[in-house]
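Undergrad: Encoded as structure tokens, here's the structure I'll be asking about.
2 protein chains.
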Amino acid sequence: MEEIRKRRDEMMMKRGLNPHISIDCVIFGFDFEQLNVLVIRRGVDKSKKKSRMALPGDLIYDDENLDEAADRILNELTGLKGVFLEQVGAFGDPDRIKTDDDQEWLRSIRKKPEARVVTVAYYSLLPMDNCKLLASSFALSAEWKPLKEINELAFDHLDILKDSYSKLRAKLATHPIGFNLLPEKFTLGQLHKLYEAILEKDIDKRNFRRKILKLDILTQLEEKQTGVAHKPSRFVKFNEKNYKKLSETGFDNFSF
Amino acid sequence: MEEIRKRRDEMMMKRGLNPHISIDCVIFGFDFEQLNVLVIRRGVDKSKKKSRMALPGDLIYDDENLDEAADRILNELTGLKGVFLEQVGAFGDPDRIKTDDDQEWLRSIRKKPEARVVTVAYYSLLPMDNCKLLASSFALSAEWKPLKEINELAFDHLDILKDSYSKLRAKLATHPIGFNLLPEKFTLGQLHKLYEAILEKDIDKRNFRRKILKLDILTQLEEKQTGVAHKPSRFVKFNEKNYKKLSETGFDNFSF
DNA sequence: ATACTTAGTGTAAAAAAGACACTATACAAA
DNA sequence: TTTGTATAGTGTCTTTTTTACACTAAGTAT
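So the sequence lines, in the order shown, correspond to chains A and B. Numbering-wise, the working numbering puts 41 at position 41 of the first sequence, and it's gapless, one number per residue. Position in the second sequence (first residue = 1) + 256 = the working numbering.
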């Protein structure tokens with residue numbers, strides 16, 4: 001613990017940590033059943049009782065811009081780089097840090113725990129399987145947690161999570177971003193379930209298929225599912241070109 | 257000038273100015289012809305040649321949250337309070353301040369002109385007529401400028417403006433926010449022109465009317481236009497209740 | 001063999017969007 | 001006072017999109 005703080009302090013000297021701005025990341029994952037969020041716990045002691053969870057986040061360095069900082073944090077936590085990452089906004093209540101617990105946590109990780117910090121939130125979508133969770137300077141223990149089971153988080157992180165989720169849903173209606181939660185090859189059934197999980201409603205299978213196929217961003221593969229106790233589905237992947245174009249322009253309406 | 261900086265410094269003592277976070281506001285107005293944006297010029301000298309324009313903005317105080325700070329800035333500039341105001345996001349490139357001009361400007365208004373400042377942008381919609389422009393600590397001269405004529409702004413303000421405009425357009429497709437740009441009583445023709453101006457395209461009059469009336473948020477008034485050289489239009493106003501409900505829930509699709 | 005599970009497919013009805021043209025009424029200009 | 005000009009206000013038909021809905025196919029498990 002001391003070890004790590006010392007290393008952080010050293011890095012601060014070198015790189016110039018900016019103690020006024022932090023980044024927090026809402027990292028969504030999909031386990032083919034429901035939406036999950038990556039949360040961290042304080043300290044190494046994993047006694048889950050009573051130890052509050054938080055979103056992964058860190059102060060920024062003075063020589064990196066906000067997007068870079070978010071990408072760095074995500075990279076330190078997962079080893080991934082350049083994945084889907086979008087700013088949610090800035091959160092800066094002077095009284096963001098409410099409980100004694102929060103204060104204690106802050107004292108353990110910050111040089112100036114009393115300083116006002118404005119945090120810039122990002123949300124990210126990534127394939128859960130493809131992603132090992134690493135220990136990092138700001139997260140000694142990280143885990144996936146079903147979105148629906150998260151009722152409490154440290155600081156103002158629950159607000160941030162709610163805002164991020166609602167941005168995700170809004171964006172899903174105009175951009176083909178859901179794919180970022182799936183592996184390279186996936187089935188239409190998985191995509192269907194993903195949309196149902198994010199939008200929290202049943203979607204008619206045939207209508208969903210018709211609509212998603214009309215976007216013309218999917219290529220059918222020959223390969224089929226194996227080892228499933230039902231008729232195997234054919235895998236699909238993106239048509240990269242059309243997918244990219246649609247990602248940029250968006251579409252008018254993809255709601256159900 | 258010195259006067260003003262001194263006053264600012266005094267206030268800093270009292271209230272605690274936070275020198276690391278600023279707010280910038282993109283204030284849209286509609287003159288029944290086109291979209292306008294409120295810009296300020298540096299200093300009192302209004303020699304418009306060569307003097308760069310910027311978005312109104314200021315550092316935040318340590319005891320106010322971001323929304324409050326944006327509201328304060330808007331209030332200092334227009335005298336208005338509680339108008340439509342929405343966060344666009346945080347902008348924090350370490351090299352936001354590029355040109356010598358920018359640096360000079362900064363030196364004239366900031367105690368620590370070299371410090372890295374992350375700015376949080378907001379956009380606002382307000383009725384242009386209803387709004388006198390006041391001198392304020394951060395804007396000795398302010399003026400409306402047609403959006404289309406703004407090709408250059410200080411710092412990264414042009415990026416901020418572009419992002420704000422695109423957020424405005426996206427939001428217009430799901431929420432009835434355009435009304436905020438109009439006076440209490442307005443005509444369907446004015447609303448029609450407003451949508452055409454924001455979306456930058458012609459919209460069929462009859463289709464527009466049908467669609468907007470179906471939202472059921474407008475009440476027809478008896479009062480008619482006077483003094484116009486054509487058939488006078490009846491004024492309308494909101495049905496407050498339905499309007500509020502729709503503002504919160506939004507609608508799926510109001511694109512043209 | 002049978003049960004179970006998900007894959008995969010089409011159609012008809014309803015709703016929404018898009019295209020399109022004329023009359024009405026005020027003021028201005030001649 | 002006539003004529004021009006500018007915007008208000010209105011309905012229908014066609015095309016597209018959305019919605020609701022049920023069965024067969026192909027694998028595994030028992």
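Glycine included, each C-beta is placed from N, C-alpha and C at the ideal position.
1. Give a single yes or no on whether Arg72 (chain A) has its beta carbon closer than 7 Å to a heavy atom of the ligand GTP.
2. Roughly how many angstroms separate the alpha carbons of Leu437 (chain B) and Lys211 (chain A), rounded to a whole number?
3. Three Cβ pairs or more, each shorter than 8 Å: is that satisfied between the stretch 218 to 234 of chain A and the stretch 183 to 194 of chain A?
4. Grouping DSSP H, G and I as helix and E and B as strand, with all else coil, what is Phe186 (chain A)?
5. Does any C-beta atom of chain B lie closer than 8 Å to the C-beta of Asp31 (chain A)?
6. Exposed or buried, Gly92 (chain A), counting other C-beta atoms within 10 Å across all chains shown (16 or more means buried)?
7. According to DSSP, is Leu218 (chain A) part of a helix, a strand, or is it coil?
8. Could you give the C-beta distance for Pro402 (chain B) and Gln290 (chain B), rounded to a whole number, given that I count them as a contact under 8 Å?
9. Tyr317 (chain B) to Asp204 (chain A), Cα distance in whole Å?
10. Excluding the 5 residues preceding and the 5 following Ala139 (chain A) in the sequence, name in chain order all residues of the same chain whose CB lies nearer than 7 Å to its CB.
11. Quick one: give me the first and last residue of the beta strand (DSSP E) that Ala142 (chain A) is part of.
12. Looking at Phe32 (chain A): is its Cβ nearer than 8 Å to the Cβ of Gln190 (chain A)?
13. Run through DSSP, which three-state label would Ala325 (chain B) get?
14. For the stretch 64 to 82 of chain A and the stretch 240 to 248 of chain A, state whether three or more C-beta atom pairs, one from each stretch, are separated by less than 8 Å.
15. Using 8 Å as the Cβ pair cut-off and three pairs as the minimum, do the stretch 355 to 368 of chain B and the stretch 419 to 432 of chain B touch?
16. Within the same chain, show all residues whose beta-carbon is closer than 7 Å to that of Lys245 (chain A), passing over the 5 residues directly before and after it, in chain order.
17. For Glu104 (chain A), collect the residues of the same chain with a Cβ closer than 6 Å to its Cβ; drop the 5 residues on either side in sequence, then sort them by chain order.
18. Does Pro94 (chain A) have its Cβ less than 8 Å from a Cβ in chain B?
19. At a CB-CB cut-off below 7 Å, which residues of chain A make contact with Arg372 (chain B)?
20. Out of B:Phe510, B:Glu399, B:Arg352 and B:Pro383, which has the shortest C-alpha to C-alpha gap to Lys470 (chain B)?
21. Applying the criterion that 16 or more other CB atoms from any shown protein chain within 10 Å of the CB defines a buried residue, is Leu194 (chain A) buried or exposed?
22. What residues of chain A sit near Asn212 (chain B), judged by a beta carbon separation below 8 Å?
23. Is the separation between the beta-carbon of Leu153 (chain A) and that of Ile198 (chain A) shorter than 8 Å?
24. Please classify Ser511 (chain B): does DSSP put it in a helix, a strand, or coil?
25. Does Leu77 (chain A) come out as helix, strand or coil in the three-state DSSP assignment?
26. In chain order, what residues of the stretch 72 to 93 of chain A put their CB closer than 7 Å to some CB of chain B?
27. With 8 Å as the limit, tell me which residues of the stretch 454 to 483 of chain B have their beta carbon closer than that to any beta carbon of chain A; keep them in chain order.
28. When the Cα atoms are used, what is the spatial distance from Phe411 (chain B) to Glu68 (chain A)?
29. Our contact map puts Ile23 (chain A) next to Leu66 (chain A) with C-beta atoms below 8 Å; I'd like the distance itself, whole angstroms only.
30. To the nearest whole angstrom, what separates the beta carbons of Val88 (chain A) and Ile21 (chain A), a pair I think is in contact under 8 Å?
31. Determine, using beta carbons only, whether Tyr122 (chain A) and Glu86 (chain A) come nearer to each other than 8 Å.
32. Do Met384 (chain B) and Gly272 (chain B) count as a contact pair if the criterion is CB distance below 8 Å?
33. Quick check on Lys112 (chain A): does DSSP put it in helix, strand or coil?
34. So what's Ala410 (chain B) in DSSP terms, helix, strand or just coil?
35. Just the C-alpha distance for Phe179 (chain A) and Asn407 (chain B), rounded to the nearest angstrom, thanks.
TA: So, from the data block:
1. This structure lacks the ligand GTP, and indeed carries no ligand of any kind.
2. One-based indexing of the second sequence puts residue 437 (chain B) at position 181. One-based indexing of the first sequence puts residue 211 (chain A) at position 211. Leu437 (chain B) and Lys211 (chain A): Cα-Cα distance of roughly 36 Å.
3. Touching, per the Cβ criterion.
4. Within the first sequence, numbered from 1, the residue matching residue 186 (chain A) stands at position 186. If DSSP states are grouped into helix, strand and coil, Phe186 (chain A) belongs with the strands.
5. Here residue 31 (chain A) is taken as the residue at index 31 of the first sequence, counted from 1. Interface with chain B (8 Å Cβ-Cβ cutoff): Asp31 (chain A) is excluded.
6. If you number the first sequence from 1, residue 92 (chain A) lands on position 92. By the neighbour-count criterion, in which a residue is buried when 16 or more other Cβ atoms sit within 10 angstroms of its Cβ, Gly92 (chain A) is buried.
7. Numbered from its first residue, the first sequence carries residue 218 (chain A) at position 218. Looking at Leu218 (chain A) - three-state DSSP - the assignment turns out to be strand.
8. The count along the second sequence starts at 1 and reaches residue 402 (chain B) at position 146. The count along the second sequence starts at 1 and reaches residue 290 (chain B) at position 34. Yes, they are in contact, since the Cβ atoms of Pro402 (chain B) and Gln290 (chain B) sit about 5 Å apart, within 8 Å.
9. For the purposes of this step, residue 317 (chain B) is taken as residue 61 along the second sequence, with counting starting at 1. For the purposes of this step, residue 204 (chain A) is taken as residue 204 along the first sequence, with counting starting at 1. Between Tyr317 (chain B) and Asp204 (chain A), the C-alpha separation is close to 51 Å.
10. Residue numbering aside, residue 139 (chain A) sits at position 139 when the first sequence is read from its first letter. Excluding five sequence positions before and after Ala139 (chain A), the CB atoms of its chain that fall closer than 7 Å to its own CB belong to Ile40, Pro56 and Leu77, given in chain order.
11. In the first sequence, counting from the first residue as 1, residue 142 (chain A) sits at position 142. In the DSSP annotation of this structure, the continuous segment of the beta strand (DSSP E) that includes Ala142 (chain A) starts and ends at Ser141 to Pro146.
12. Residue 32 (chain A) sits at position 32 when you count from the first residue of the first sequence. Residue 190 (chain A) sits at position 190 when you count from the first residue of the first sequence. In contact: Phe32 (chain A) and Gln190 (chain A) (Cβ atoms closer than 8 Å).
13. Residue mapping note: residue 325 (chain B) aligns to position 69 of the second sequence, counting from 1. Ala325 (chain B): helix per DSSP, three-state reduction.
14. Contact fails between the stretch 64 to 82 of chain A and the stretch 240 to 248 of chain A, because fewer than three Cβ pairs, one in each stretch, are under 8 Å apart.
15. With the cut-off at 8 Å, the stretch 355 to 368 of chain B and the stretch 419 to 432 of chain B do not touch.
16. Locating residue 245 (chain A) in the first sequence gives position 245, where the first residue counts as 1. Here Lys245 (chain A) has no same chain residue with a Cβ atom under 7 Å from its own Cβ, once five neighbours each way along the sequence are excluded.
17. Taking the first residue of the first sequence as 1, we reach residue 104 (chain A) at position 104. Closer than 6 Å at Cβ, skipping near neighbours: no residue.
18. Position 94 of the first sequence, counted from the start, is the residue given in the question as residue 94 (chain A). Chain B, which has a Cβ nearer than 8 Å to the Cβ of Pro94 (chain A), makes this yes.
19. Taking the first residue of the second sequence as 1, we reach residue 372 (chain B) at position 116. The contact set of Arg372 (chain B) on chain A, defined by CB atoms closer than 7 Å, consists of Asn18 and Asp62 in chain order.
20. The residue you call residue 470 (chain B) lines up with position 214 of the second sequence. Of the residues B:Phe510, B:Glu399, B:Arg352 and B:Pro383, the one whose Cα lies closest to the Cα of Lys470 (chain B) is B:Phe510.
21. Translated into positions along the first sequence, residue 194 (chain A) becomes position 194. By the 10 Å Cβ count, Leu194 (chain A) comes out buried.
22. This structure cannot settle anything about residue 212 (chain B), because the visible part of chain B is limited to 257 through 512.
23. Reading the first sequence from its first residue, position 153 is the one you call residue 153 (chain A). Reading the first sequence from its first residue, position 198 is the one you call residue 198 (chain A). No, Cβ-Cβ distance for Leu153 (chain A) and Ile198 (chain A) is not below 8 Å.
24. By 1-based counting over the second sequence, the position of residue 511 (chain B) is 255. In the structure shown, Ser511 (chain B) sits in coil (DSSP, three-state: anything other than H, G, I, E or B).
25. Counting from 1 along the first sequence, the entry for residue 77 (chain A) is found at position 77. Correct three-state label for Leu77 (chain A): helix.
26. In summary, the residues of the stretch 72 to 93 of chain A whose CB is separated from some CB of chain B by less than 7 Å are Gln87, Gly89, Ala90, Gly92 and Asp93, in the order they occur in the chain.
27. So nothing in the stretch comes that close.
28. The residue labelled residue 411 (chain B) in the question sits at position 155 within the second sequence. The residue labelled residue 68 (chain A) in the question sits at position 68 within the first sequence. Taking the straight line joining both Cα atoms gives about 20 Å.
29. In the first sequence, the residue the question calls residue 23 (chain A) occupies position 23. In the first sequence, the residue the question calls residue 66 (chain A) occupies position 66. Contact between Ile23 (chain A) and Leu66 (chain A) holds: CB atoms are separated by about 7 Å, below the 8 Å threshold.
30. Here residue 88 (chain A) refers to the residue found at position 88 when the first sequence is read from its first residue. Here residue 21 (chain A) refers to the residue found at position 21 when the first sequence is read from its first residue. Contact annotation, Val88 (chain A) with Ile21 (chain A): C-beta distance approximately 15 Å; criterion of less than 8 Å not satisfied.
31. Here the question's residue 122 (chain A) lines up with position 122 in the first sequence. Here the question's residue 86 (chain A) lines up with position 86 in the first sequence. Here Tyr122 (chain A) is near Glu86 (chain A), since their CB atoms are less than 8 Å apart.
32. Translated into positions along the second sequence, residue 272 (chain B) becomes position 16. Translated into positions along the second sequence, residue 384 (chain B) becomes position 128. Not in contact: Gly272 (chain B) and Met384 (chain B) (Cβ atoms no closer than 8 Å).
33. As a position in the first sequence, residue 112 (chain A) is number 112, starting the count at 1. Here Lys112 (chain A) carries a coil assignment [DSSP, helix/strand/coil].
34. As a first step, residue 410 (chain B) is located in the second sequence; it is residue number 154 there, counting from the start. Residue state, collapsed to three classes: coil.
35. Position 179 of the first sequence, counted from the start, is the residue given in the question as residue 179 (chain A). Position 151 of the second sequence, counted from the start, is the residue given in the question as residue 407 (chain B). Those two C-alpha atoms are separated by around 36 Å.
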